[in-house]
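Quick note, the sequence shown lines up with residues 16 to 511 if you use the working numbering. Glycine is no exception: its CB is placed at the ideal position from the N, C-alpha and C atoms. Since the model is a prediction, treat every value here as computed from it, not as a measurement. What follows is a short report on a single structure.
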Amino acid sequence: MRALHELGVSELAAAIADRKTSSVEAAQHLLARAKAHAALGAYLAFNEDATLAQARAADARVAAGERTPLLGVPIAHKDIFVTRDFPSTAGSKMLEAYQSPFDATVVQRLAALGAVTLGKLNCDEFAMGGSNENSAYAVAHNPWDASRVPGGSSGGTAVAVAARLLPAATGTDTGGSIRQPASFCGVTGIKPTYGRCSRYGMVAFASSLDQAGPMARSAADCALLLSAMAGPDIDRDSTSLDHPAEDYTALLETPREGATAAQPLKGLRIGLPREFFGEGCAPDVIAAVRAALAEYEKLGATLVDVSLPRTELAIPVYYIIAPAEASSNLSRFDGVKFGHRAAQYGDLIDMYKKSRSEGFGPEVQRRIMIGTYVLSHGYYDAYYLKAQQIRRLIAQDFQQAFTQCDLIAGPVAPTVAWKIGEKSNDPVANYLADIYTLPGSLAGLPGMSVPAGFGAGGLPVGLQLLGNHFQEGALLQVAHAFQQATDWHTKSPEGC
Ligand code: GLN
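Written out as C-alpha cells, the structure reads:
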C-alpha cells in the first residue's frame, strides 16, 4: 500500500474498511505529517486527544461491520466553522479565547458519518480576503512555491489538501474563497448553490453569500464530502433550502443523455463568457484554460460563445453588499456578548471602541467602515439599494446565458498565485483579482475549480465551472469526466 497521506478519501476509506490500516493509524500519521510541515501555515489548532477519541470510535464502528464512505477518514475544517472540541477563531484575535458550545451543522454531519477531525485550518480573518494574508495568526504558504500566497480566504484548506496533509477538508466561499485557493494550489473545490449547505455554526461574513463546500484532490472525493454536507437544516438556518440531500457519488457514474463510451460529455454545451477571456486575464492562465476546454471538446462537449455583460460591475456590487452585511454581522463582537474585551477602558463606549480596535485587524476594520457608510442614512439608496438592483441584473445575465448553454466555464482568477506581500498594501488590487468568482456568488450559483494545468512559474491554474441553481451534481460529473481523461489533479508539489 502507498503511504497513507498519498491516499484520497475513497482509497483511505476502503483501506480502513478492509483493515489494511485503522482510523487511529491514519490520524496519527496525518497529525505527524501536519506537524512536520508546520512551516506551511496550514493549521491553526489541533486537539490530539479529541482527534484520537474520534478515530477510536470510528475504528469501533468498522469493527462492528459498518462500511460507509467517510468512516474513519481524517479531515479538517476551515476555522470559520465552530467546533466544540477545538478553538474557533475565524482567523481573528477577536475570537482568540472563544470556545464554542456546539458544532456547526456541516461539522456535525461529517462527524456523524464517521469522518475524524484533525484540527482547524488557517484562513483570512472572518473569511475576508483572497490571499490568507489577513489571518491574524499565521502566514500560509503555497506548497508549489513557498514565497507565494495560497489564495484565500480558505487558504489553509487548499494548502493542506495540496501538500497531502489530509485527503480533503472544508472551506467556505462568499465571493470565491473555495474556488480561488483551490485554483492557486491545484486542488479540486466546489461551492454549492447558496443555501444548499447549512450556515448554522459558520461564523457569518456576508449572510446572503456565505456557503460551505469541500476541497479534495478529485471531483469524486468532493462528491463524497458534499453528499454528507449538503441538505436542509431549516430549523437552524432560515436560508437553508428545503431540497432533499443528493447522492452526488451515484450521479458521477450515471451516464448523461446522449453519452457514448468515447464521448461521455456528448451533447453538453459549455458557455464561454467573452468577458472572462478578454483583456485583464494573463496569457498563461488563458492558455491553460483553453487547453482544458480543448480536452472537453474531445470528450464531446461543444463550446458556445455567451456574454455576461455586467461582469465588471460584480466587483463594486460585491464590495458594497459584502461589507454592508459584514458590518451588521460583526456588530455582535462588542466585548460583552462575544469576543475580546480590552483590558483597560473608561466608559462603555470606550470599552466598545478599544475592544473592537484591538480585536479586529485592518481589513476587517476597513470593511466595517465601508459597510457602515453604505448603509447610513442618505447613502443607503445610492449605494446599497443600487448594488442590490444590479445584483439582480447580474443574476438575470446568467439566466440569459443558460438559455444557450448547460454550464459556463472560464478562468477562476486572472493570474496564478502572487508573491506574499505583493498586494498586501493595496486592498483594491486584491478586490480586482476576484472578478471571475464574484458574479456567480452574487447570483447564488454553484461553482467549481478543477485543476487544469500550470501557468507562469509552474504554478497551478484552475478551470472554473459554473452551473445553474442545484446543478452541483452536473458540475461534479463533468469535472469527474475530465479527471478520468487527464491527470492534472493527481500532481503534487515537490517534496509533498
Ligand atoms: N476575496 C473575497 C473577499 O475578500 C472573497 C472572500 C470569500 O469568499 N470569503 O471578500
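(1) Please list, in chain order, all residues of the same chain as L85 whose beta carbon is under 8 Å from its beta carbon, the five residues on each side excluded.
(2) Comparing alpha-carbon positions, which option in Q479, P429, Y367 lies nearest D299?
(3) Check whether the Cβ of A303 lies closer than 7 Å to any heavy atom of the ligand GLN, and answer yes or no.
(4) Comparing C-alpha positions only, which one of A79, K135, T189, G216 sits nearest to A119?
(5) As a quick exercise: from G472, G425, P102, pick the residue whose alpha carbon is nearest that of L318.
(6) Given that a residue counts as buried once 16 or more other Cβ atoms are within 10 Å of its Cβ, and exposed if not, what is R406?
(7) Sorry if obvious, but does the Cβ on F292 come closer than 7 Å to a heavy atom of the ligand ZN?
(8) Are at least three pairs of beta-carbons, each pair with one atom in the region 177-185 and one in the region 438-455, less than 8 Å apart?
(9) Does DSSP put R99 in a helix, in a strand, or in coil?
(10) Here's the rule I'm using: 16 or more other beta-carbon atoms within 10 Å means buried, otherwise exposed. How should N440 be labelled?
(11) Which residue marks the beginning of the alpha helix (DSSP H) containing D320, and which one marks its end?
(12) Take every Cβ of the region 194-206, pair it with every Cβ of the region 456-474, and state whether three or more of those distances are shorter than 8 Å.
(13) Report whether the distance from the Cβ of T187 to the nearest heavy atom of the ligand GLN is below 7 Å.
(14) Closest to H20 by CA distance: which of A41, S37, A32, T208 is it?
(15) Between the alpha carbons of G228 and D188, how many angstroms are there, rounded?
(16) Is it right to say V389 is buried, meaning 16 or more other beta carbons lie within 10 angstroms of its own, or is it exposed?
(17) Thinking just about the alpha-carbon of each residue, which of A105, C420, G477 is nearest to the one in V218?
(18) Do you know how far the Cα of G167 is from the Cα of Q195?
(19) Give me, in chain order, the residues of the same chain whose beta-carbon lies closer than 7 Å to that of I249; leave out the 5 immediate sequence neighbours on both sides.
(20) Specify the secondary structure class of M143 as computed by DSSP and reduced to three states.
(21) Could you compute how far the alpha carbon of D33 sits from the alpha carbon of A73?
(22) With a 10 Å radius around its C-beta and 16 neighbouring C-beta atoms as the bar for buried, classify K438 as buried or exposed.
(23) Please confirm whether any heavy atom of the ligand GLN lies closer than 7 Å to the CB of F199.
(24) Closest to L345 by C-alpha separation, out of I385, F101, A496, E327, would be which residue?
(25) Under the rule that 16 or more other beta-carbon atoms within 10 Å means buried, what is D365, buried or exposed?
(26) Excluding sequence positions up to five away, which residues of its chain have a Cβ less than 6 Å from the Cβ of Y360?
(27) Could you check which residue in A444, V97, V122 has the C-alpha nearest to that of P116?
(28) Ends of the alpha helix (DSSP H) at A79?
(29) How about the region 489-503 and the region 304-316: do they share at least three Cβ pairs that are nearer than 8 Å?
(30) The beta strand (DSSP E) spanning P229 covers which residue range?
(31) Is S150 helix, strand or coil when you go by DSSP?
(32) Can F220 be considered in contact with the ligand GLN, in the sense that its beta carbon sits closer than 7 Å to one or more heavy atoms?
(33) For the ligand GLN, is there a heavy atom less than 7 Å away from the beta-carbon of A142?
(34) On the CB-based measure, 16 or more other CB atoms within 10 Å of its CB, does L408 come out buried or exposed?
(35) I'd like the span of the beta strand (DSSP E) that includes I205, first residue to last.
(36) Under the criterion of a Cβ to heavy atom distance below 7 Å, does A79 qualify as lining the ligand GLN?
Let me spell this out:
(1) V24, A28, L125, L128, G129, A130, L239, L240, A243
(2) P429
(3) no
(4) Ranking A79, K135, T189, G216 by Cα distance to A119 puts G216 first.
(5) G425
(6) buried
(7) In the structure on display, the ligand ZN does not appear, and the ligands it does have are the ligand GLN.
(8) no
(9) coil
(10) exposed
(11) Unbroken run through D320 is the beta strand (DSSP E), 317-321; no alpha helix (DSSP H).
(12) yes
(13) Remark: the C-beta of T187 is in contact range of the ligand GLN, defined as less than 7 Å to any heavy atom.
(14) A41
(15) 7 Å
(16) buried
(17) A105
(18) The straight-line gap from Cα to Cα measures roughly 7 Å.
(19) S255, D257
(20) Coil, per DSSP.
(21) 13 Å
(22) K438 should be labelled buried.
(23) No - the ligand GLN has no heavy atom lying nearer than 7 Å to the Cβ of F199.
(24) L345 has its Cα closest to that of I385, out of I385, F101, A496, E327.
(25) exposed
(26) M366, K369
(27) V97
(28) Segment: none, A79 is in no alpha helix (DSSP H) and carries neither H nor E.
(29) yes
(30) 226-231
(31) coil
(32) Taking 7 Å as the cut-off, one finds at least one heavy atom of the ligand GLN near enough to the beta carbon of F220.
(33) yes
(34) exposed
(35) 203-206
(36) no
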